[in-house]
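Line by line, the protein sequences give chains A and B. Per the numbering used here, the very first residue in the first sequence carries number 7; after that it's consecutive. Per the numbering used here, the very first residue in the second sequence carries number 3; after that it's consecutive. What follows is one structure encoded as structure tokens, with my remarks underneath.
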Amino acid sequence: MKIRSQVSMVFHLDKCIGCHTCSIACKNIWTDRPGAEYMWWNNVETKPGVGFPSQWEDQEKYHGGWEMKEGKKGPVIHLKLQNRPQALANLFSNPAMPTMDDYYEPWTYNYNDLFNSPLGNDQPTARPISRVDGQPIDIESGPNWDDDLGGSNIYAAKDPLLENMNPDDKMRLFSIEQLFYFYMPRICNHCLNAACVGACPSGAIYKRAEDGVVLINQDKCRGWRMCVSACPYKKTYYNWSTGKSEKCILCYPRLETGQAPACFHSCVGRIRYLGVLLYDADQIEDALKAPDDQLVERQRQMILDPHDPQVIAAAKESGVPDGVVTAAQNSPVYRYVKEWKLALPLHPEYRTLPMLFYVPPLLPVLNSTQENGTQRVETELFTSLEKARVPVRYMSRTLAAGNDDLVIKAYRKMIAVRIYKRHETVGDVTAEESAAALAKAEMTAEEAEAIYTLTSIPTYQERFVIPPYSREGDIEEVYDPQQRKAETGFGRRQAPQRGL
Amino acid sequence: MLEIMLFVVFPYVALAIGIVGTLYRYLTNQYSFTSLSSQFLENDLQFWGSTLWHYGILPTTAIHLAGFTIPKVMAALHGTPDLLYLSELAGKILGIMALVGMGILLYRRLTSSKIRAITSTIDWIVLSLLFAQVFFGLILAFVYRWGAAWFIHTATPWMDSLAFFDPAPQFVTALPLAHKIHFLTGFLLFALMPFSRLVHIVTFPVSYLWRRFQLVIWTRRRVV
């Protein structure tokens, strides 16, 4: 066993209100610079929808992620984008490169027009101008252009996940009283088998062994742009001004000083959890070669129980510090992912082993109206799951590589927790109904209570369990990230400047 | 005197500036080493321009270098009229590819306001010089034919004499003006390398052919 630790994340989609505070917190600290205006290291998408960049999930278009094919000695994993000679042959023009049109052209407004326009009968207006060339532009897209299903017949209809979906389910998505949507906040998944790392011709992208954060060495990056195509989540971005690629750094300068990343810290719905997972690096290769429907199970297998004395001993042997093991024992992520099996990875079929997990949204609230006009929580599990507007199929294609069973199990637990607490606090659900719900979800009352506590009333310290840290390089002073606003955000002291 | 300045002193100065300057820039400002790709802003013309240019100029440059370093092998490669004819043809095709590619790239920079916004003065200088260099190269190829043959009796001994610090400019001083311009622009471009995006040539990531796919770096095991 080769044990490594990974700072991992859980996003509880049931709690996300789609306020975009996370995106703004990130933008203000890291990407408020020329060339980075269009980047959203953290973005919040409405699903179903095309996402950002447009149709990022369509890997036939962008060739992201890894693929498995049969080799002479069993299955082989390879990048969908390129083999090694292809990478060099395509250096001069990357065939699967998303361009600015797939994101949006960043703009500002010509505010001077408001002050300098001559006296007249009309209100002066500030025209939008491009932040690339300063020319006036017509704004045709932007981040969250299809927020809250705006223009869903144009945008959401192009959601790649809706292809091959059964026509009835598809119909429901677009009929007024039956439509559903949920928010999907996305940051870099800090994958164990990151496609960006594998695709970088210069070898500039790496994973920090201590905490698993994936970073781009800005000195080694030569702007070959293969990472942009290869990341199936489109979470590496090309800075058109500096000629370097950039990505989410999980606010490591904040982590190293004991603060949660800005998007986590600022989350209004408190949907975000951060903690350490211990995993067995020897199992990575096997986990990658599992068939689609077993990918999530195999990933869970890799994640080890930090309370198990054998695991603790092996962790010590592998050089994981005691403090990190303690942090892993208190990790909220471990509970959601492995103990309760509520949280699932985003698109495990890309075979990057993403380490950001999502609790699927249970929306809308499952109530039925009584004859006397009052509302009552739905207790029939099967019926309520079928009545739920979110089609299980859509969720399983998003979070479980098509394995409906995993999503159904998570949903049953979430419904059972609601019924259990309803019985306890409101009392209009009988003890039998509550017990039946727990039995159906194969869980105990203690577990339901624990899920409730960590989901609904966790403290800051319970949501973010940050392990002990040594700072990057151990030689740098601690800087307030706010002071680094105009810098690259990669620990550089000089402002990023376009090469000669 | 002028000939010594142009064909002895200038090449040495250009080589020194190119090598020392690039090393200095690499050691002091590695962050600036990038191809500065603009594919993100404009994709369609970029594909044709950049692909034609690079696939034309890289073999052409390699053939020139081979002419300097292994002239006997190169001479053997066009030892018969048939082979000479073929190598002339191949050289011209590659040259035309490069010229058309650079033409497209220049046109793209001139017409797209986004690309113009991120184009610096040195970019314009380097791109124009590259275009001129390939243009004069093609003039030599078409006007003074069988360059594959006369190359190794003029340019090669001159370059060899420079390489062994025994300068012999007489090998090239009698050549027509187009030749001289082609030689001098070549050295000028070399001298401009550390001051332009041309440095991306030396960072061609050939190690991707054998490096491990996943890179994991330990902070505390690294000697700081």
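Glycine included, C-beta positions come from ideal geometry on N, C-alpha and C. Computed from a predicted model, the values in this text were never measured in an experiment.
Inside the stretch 150-190 of chain B, DSSP marks whole alpha helix (DSSP H) runs of 4 or more residues at positions 172-175, from first to last along the chain. Counted as a single uninterrupted DSSP element, the beta strand (DSSP E) harbouring Met190(A) occupies residues Phe188 to Arg192. With contacts defined by Cβ atoms closer than 8 angstroms, Gln141(A) and Ser115(B) form a contacting pair.
Annotated three-state conformation of Gly140(A) is coil, per DSSP. The Cβ of Gln300(A) sits no closer than 8 angstroms to any Cβ of chain B.
DSSP lists Ile219(B) as the beta-bridge partner residues of Arg214(A). Pro134(A) sits close to Trp113(A), with the two beta carbons spaced by under 8 angstroms.
For Gly70(A), no Cβ of chain B is located within less than 8 angstroms of the residue's own Cβ. A straight line joining the alpha-carbon of Leu131(B) with that of Phe166(B) spans about 28 angstroms. Along the stretch 210-225 of chain A, going in chain order, the ones with a CB nearer than 8 angstroms to a CB of chain B are Ile211, Tyr212, Lys213, Arg214, Ala215, Glu216, Gln224 and Asp225. Partner residues in the beta bridge of Pro351(A), as assigned by DSSP, are Phe363(A).
In terms of Cα proximity to Asp64(A), the closest of Glu111(A), Asp165(A), Arg39(A) and Asn150(A) is Asp165(A).
Under the criterion of beta carbons closer than 8 angstroms, Val234(A) and Ser251(A) qualify as touching, at roughly 6 angstroms.
Asp286(A) is bridged by DSSP to Ile9(A).
Near chain A, meaning a CB-to-CB distance below 7 angstroms, the residues of the stretch 209-224 of chain B are Ser209, Tyr210, Leu211, Arg213, Phe215, Gln216, Leu217, Val218, Ile219, Trp220, Thr221 and Arg222. Chain order gives the chain A residues near His202(B) as Arg228, where near means a beta carbon separation below 7 angstroms. Across the set Pro366(A), Ala319(A) and Ala102(A), the C-alpha of Pro366(A) shows the shortest separation from the C-alpha of Tyr342(A). A Cβ-Cβ separation of about 5 angstroms places Ser29(A) in contact with Asn48(A) under the 8 angstroms criterion. The C-alpha of Phe42(B) is placed about 19 angstroms away from the C-alpha of Tyr33(B). Not a single CB atom of chain B sits nearer than 8 angstroms to the CB of Ser14(A). Taking a cut-off of 8 angstroms for Cβ pairs, the stretch 15-27 of chain A and the stretch 173-191 of chain A touch, as three or more such pairs fall below it. The way I'd put it, the stretch 11-22 of chain B doesn't touch the stretch 251-269 of chain A; fewer than three beta-carbon pairs between them come closer than 8 angstroms. With 16 or more neighbouring CB atoms inside 10 Å of its own CB, Thr242(A) falls in the buried class. The beta carbon of Pro360(A) sits closer than 6 angstroms to those of Asn195, Cys197, Pro351 and Leu352, all from its chain and outside the five residues before and after it, given in chain order. Ranked by Cα distance from Leu167(A), the options Val138(A), Gly148(A), Ser99(A) and Trp62(A) are led by Trp62(A).
Lys446(A) carries a helical assignment under DSSP once its states are collapsed to helix, strand and coil. The beta carbon of Phe12(B) lies closer than 8 angstroms to those of Leu186 and Phe189 in the same chain, with the five residues before and after it left out. Scanning chain A for C-beta atoms nearer than 7 angstroms to the C-beta of Ser163(B) yields nothing, as the closest lies near 33 angstroms away.
Residue contact check for Phe58(A) against chain B: no CB pair falls below 8 angstroms. In this structure, the beta-carbon distance from Thr52(A) to Tyr187(A) falls below 8 angstroms.
Taking 4 residues as the minimum length, the alpha helix (DSSP H) runs contained wholly in the stretch 305-344 of chain A are 315-323 and 328-335, in order along the chain. Taking a cut-off of 8 angstroms on C-beta distances, the stretch 308-325 of chain A touches the stretch 269-284 of chain A, as three or more cross pairs fall below it. For Thr105(A), a Cβ of chain B is located within less than 8 angstroms of the residue's own Cβ.
Taking a cut-off of 8 angstroms for Cβ pairs, the stretch 215-228 of chain A and the stretch 75-92 of chain A do not touch, as fewer than three such pairs fall below it. Checking the DSSP bridge columns, you'll see Lys75(A) partnered with Val82(A). Assignment of Glu51(A) by DSSP, reduced to helix, strand and coil, places it in the strand class.
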